[in-house]
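Input: a single structure, listed below in structure tokens.
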Amino acid sequence: MSKQPGSSTAAESDRPDTTDPADQADQVAPVAEAPRPARAPGAPVLALLAVGWLAAMLWSTREAISSAAAGLTAISLSAFALPGVISAALVAGAAVALAVTGLLARRGVDRATLRFVVAVGTGLLVGLAAALAINLTYADNATTNTIAGTSAAAAIIGGALAGARDAAPVGAVVTAALGTLVFVVAFSRARDPLFDLFGADGSQVSLLSAAKWVSRTESLLAGLLAGLLAFGYLTWARRRALRRDPATPALRWPAYLVAGAGPGLLLLLAEVIIRIGGRTLLDLAGALSEADAVAQTSLGTSRVDNGIWVLFVGALTALVAFGRTLGPAPHDDDEPDPVDD
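Plus 1051 on top of the position in the sequence shown (first one is 1) and you've got my numbering.
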């Protein structure tokens, strides 16, 4: 007797489903977890180095101002020293906030809003500590208050920058920026030989030409150093992350671009802070004489040019270094030929 079409299907549909629920659960595709952001290794060490650099800048500025023979000279020296103090405070605020937020992340507290609030609060504490140290050790005048207030604002802004979700690029920016600041101070010892090398013979024209080339050389070398330090830090962070979790996704090229350009961006941000918060001090220094006014304008332009050079050279250096680590793309010949029907 032949079976009616569809009778077997109807019979099977009437049977109870005896499949084990556990087996059904195993057949469901697991939900992929969101990748964890890369952490910033060595953040406590970076914080100590950045705070130490800020303390060194505050101490050297105090010694220079205290050694001034007259009040007008103290104003001029304060204006010259302000950029170094502001840059150091900006990096210190970011470094300490990065270390504190990293400690919270290791304890499982990694909410975006809380991380940003903690980062800003940490920068505020660093800024208050720097302002208190300035007010207690510097002479009590309007110049001191300007340096203290601007340094506190820079530290708060630096702390806010450390509240980003991906900590590794922030750590690379802090590392490269700190290395750049140290290099700029160390490079000052090579200025005199370079002036002779670039043809400074005592005339005003030759001095201006040599100063331009010395400044460009400094910016170029600082940008190369910033890009290499940023790339090296991200490479180290990547290896640490892979040892902790082999499934950690690799950082893409925008992370290296931002890390390499970060020190230049911080220098430009420091210049904005100086021109807003330190405007009173810069105006007082520029009003001393016509030569001081020209010097302040020239120094401000030089700092902006230096920041732009460090930004582009650092970004390009980090990208080139990252590109050299990429393997060759797969060839089309390696793909299997389609099977003819």
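Note that beta-carbon positions come from the ideal geometry of N, C-alpha and C, so glycine has one too.
Subject >> Which listed residue (ILE1116, THR1286, TYR1307 and ALA1369) has its alpha carbon closest to that of THR1188 >> reply: Of ILE1116, THR1286, TYR1307 and ALA1369, the residue nearest in Cα terms is ILE1116.
Original post:
Which same chain residues, not among the five before or five after ALA1344, have their C-beta less than 8 Å away from its C-beta?
Top reply: Only GLY1337 and ALA1338 meet the Cβ criterion.
**OP:** Kindly give me the distance between the Cβ atoms of THR1152 and GLY1214, rounded to whole angstroms, as I take these residues to be in contact under 8 Å.
**Re:** For a cut-off of 8 Å, the C-beta gap from THR1152 to GLY1214 is around 7 Å, short enough to register as a contact.
Subject >> Nearest-angstrom Cα separation, counted from TYR1284 out to LEU1308 >> reply: When only Cα atoms are considered, LEU1308 and TYR1284 end up about 13 Å apart.
Subject >> Endpoints, alpha helix (DSSP H) assigned at ARG1216 >> reply: Per DSSP, ARG1216 belongs to no alpha helix (DSSP H) and is neither H nor E.
**OP:** Go ahead and pull the three-state DSSP assignment for ASP1065.
**Re:** Any reading at ASP1065 must be qualified, since the residue scores a pLDDT of 49, below 50, and its modelled position is unreliable; the value itself is stated next. The answer is helix: DSSP assigns ASP1065 an H, G or I state.
Subject >> Cβ neighbours of VAL1402 in the same chain (closer than 8 Å, five flanking residues each side left out) >> reply: Coverage of the chain is limited to positions 1052 through 1392, which leaves residue 1402 absent and any answer about it impossible.
**OP:** Would you tell me roughly how many angstroms separate the C-alpha atoms of GLY1144 and VAL1235, rounded to the nearest one?
**Re:** If I take the Cα positions, the gap works out to 20 Å.
**OP:** State whether the stretch 1356 to 1368 contacts the stretch 1276 to 1283, with contact taken as three or more CB pairs (one from each stretch) at a distance under 8 Å.
**Re:** Judged by pairs of C-beta atoms under 8 Å, the stretch 1356 to 1368 touches the stretch 1276 to 1283, as three or more such pairs exist.
Subject >> Best match in ALA1180, ALA1140 and LEU1179 for proximity to ALA1205 [C-alpha to C-alpha] >> reply: Residue ALA1140 holds the alpha-carbon nearest to the alpha-carbon of ALA1205 among ALA1180, ALA1140 and LEU1179.
Subject >> First through last residue of the alpha helix (DSSP H) which encompasses PHE1167 >> reply: Unbroken alpha helix (DSSP H) run through PHE1167: 1163 to 1188.
**OP:** Could you tell me which of GLY1351, ASP1296, LEU1109 and GLY1329 sits nearest to ALA1180, measuring between CA atoms?
**Re:** Closest by alpha carbon: LEU1109.
Original post:
Is there contact between the stretch 1159 to 1177 and the stretch 1191 to 1198, where contact requires at least three CB pairs shorter than 8 Å?
Top reply: The answer is no - the stretch 1191 to 1198 does not touch the stretch 1159 to 1177, with fewer than three Cβ pairs under 8 Å.
Original post:
Using DSSP with H/G/I as helix, E/B as strand and the rest coil, what is ARG1354?
Top reply: Collapsing the DSSP output to three states places ARG1354 in a helix.
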